[in-house]
Structures are given as structure tokens and as C-alpha cells.
Amino acid sequence: MADHESIDNATIANSYRELTGTVPANIAERIRIAGISGRNRSIIRIEELRSQLIMDNPLGPKTAQLVHFAQLLAIGEEKEAELHADAARKAGASLEELVGVVELALITAGMPAYSRGVAILGRVFPENQT
């Protein structure tokens, strides 16, 4: 992200659109509440941290999104996991790589995580359905 003066709500929203194709409802609400409460600087700081940890991560965009997908799948955050599975796909991850993540989730979080992951991949890759 750029310096504080050039960051505004539109810039923040666009960074989410670039990564996931949308502005998640919880992020839109975070921006809205910060704006009406006069806490925009807090959002700027959060987004700078996010940018550093996600967008400038040494793992690169694809691997970082695969890791996010795995973590969210393991803790049961299906909606957020789906956003990051789709972001991983947009960053170049193949269906096979995402299936690999889902299979590993079975080891760390059990059959429910695996089942959630399969359902998510069915939605992220609808064109592969027979």
C-alpha cells in the first residue's frame, strides 16, 4: 500500500476486489464503521499490515492463498475459506493443488474439514462438474 495520504476507502476496497474479486461484507462493514466513527487511521494501519503480510509475502500470492485456504478450512470458517480458495485459483492454483490442501486438512482437522473443502471446491470450480 502507498503512503497514508493516498490510502482511502476506495483504495482499500479495490485491494480486496483485486485479490478476491469482491469486497467481503465484513470488510465493507469494517470500512463503514471506521468511517462513521472517525477511525479511518485504524483501518489504514490494519490494511498496511495486511498488505505487508499477504500481498508482499515471500511465499508469493498463490502459495499465500493456499495457506490461507488451509488455515480457514481447518478452523471451520467456510465462507472465508471459499474466498481464499477462489483467490488461490485466481492467483494460478490448479484444482489439483487445492485438492491437495483439502486432503491435508483431513489430517489436521478431520473429515468435517475435508467435506467442507470438497464442497467449497465444487463451488469454486463449477465448470469441472460432470
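Per the working numbering, residue 432 is the first one in the sequence shown, and the count goes up by one each step.
Idealized CB from N, CA, C, for every residue including glycine.
My assumption, with CB atoms under 8 Å, is that residue i sits in contact with residue j. Please give the rounded CB distance.
i	j	result
Arg448	Val454	6 Å
Val533	Val549	6 Å
Ala524	Ile551	Ala524 to Ile551, Cβ: 13 Å. No contact.
Would you report the Cα separation of residue i and residue j, rounded to the nearest angstrom?
i	j	result
Ala522	Gln496	8 Å
Leu514	Thr451	6 Å
Leu529	Ile506	17 Å
When DSSP labels each residue in this structure, what does residue i get in the three-state scheme?
i	result
Val454	coil
Phe556	coil
Glu508	coil
Pro489	coil
Once the 5 residues before and after residue i are set aside, which same chain residues still bring their CB inside 6 Å of it?
i	result
Leu440	Here residue 440 is Asn; the residue named in the question, Leu, does not match the sequence. Here the set comprises Ile462.
Ala433	Interpretation of Ala433 is limited by its pLDDT of 43, a score under 50 that renders its predicted location unreliable; the figure taken from the coordinates is listed afterwards. Closer than 6 Å at Cβ, skipping near neighbours: no residue.
Give every residue of the same chain whose Cβ lies closer than 7 Å to the Cβ of residue i, excluding the five residues on either side of it in the sequence, and list them in chain order.
i	result
Ala501	Val532, Leu535 and Ala536
Grab me the residues of residue i's own chain with a C-beta within less than 8 Å of its C-beta, minus the 5 sequence neighbours each way, in chain order.
i	result
Ala540	Leu504, Ala505, Ile506 and Gly507
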